[in-house]
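These notes are about the structure you will find just below.
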Amino acid sequence: PIVKDVNGTLLNEGDKITMCKDLKIKGSSQVLKVGTKGIIRRIVEGKDHQLDCKVDGAGEMMITAKFVKRA
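Position in the sequence shown counted from 1, then plus 8, gives you the working numbering.
Quick look at the structure:
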């Protein structure tokens, strides 16, 4: 699957990413701030959230590609 970040850069598994917007974590009071870093573990096709990531300080989660940029 072809997935692009907020700037239109192609994302691949293993890429390091940075949040470009504050994101609320569903079911939690925690917020991912702008600049929070993570690593893409795998790319999922056909779902609302395309990136399965390991995020610093938050653990494993799915994130939509339009809210991140490649670091």
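Glycine is no exception: its CB is placed at the ideal position from the N, C-alpha and C atoms.
What is the DSSP secondary structure of K45, counted as helix, strand or coil?
Working through the sequence shown from its first residue, we reach residue 45 at position 37. Here K45 sits in strand by DSSP.
In this structure, how does DSSP classify K77 when only helix, strand and coil are distinguished?
Here the question's residue 77 lines up with position 69 in the sequence shown. Three-state result, K77: strand.
Of the residues I10, G43, T26, C28, which one's Cα is nearest the Cα of N20?
What you label residue 20 is simply residue 12 of the sequence shown in a count that begins at 1. Among I10, G43, T26, C28, the Cα nearest to that of N20 belongs to I10.
Comparing alpha-carbon positions, which option in K55, T44, D23, A73 lies nearest G67?
Your numbering for residue 67 matches position 59 in the sequence shown. When only C-alpha atoms are compared, the closest one is T44.
Starting from E68, follow its DSSP beta bridges and name the residues at the other end.
If you number the sequence shown from 1, residue 68 lands on position 60. According to DSSP, which records beta bridges pairwise, E68 is partnered with K62.
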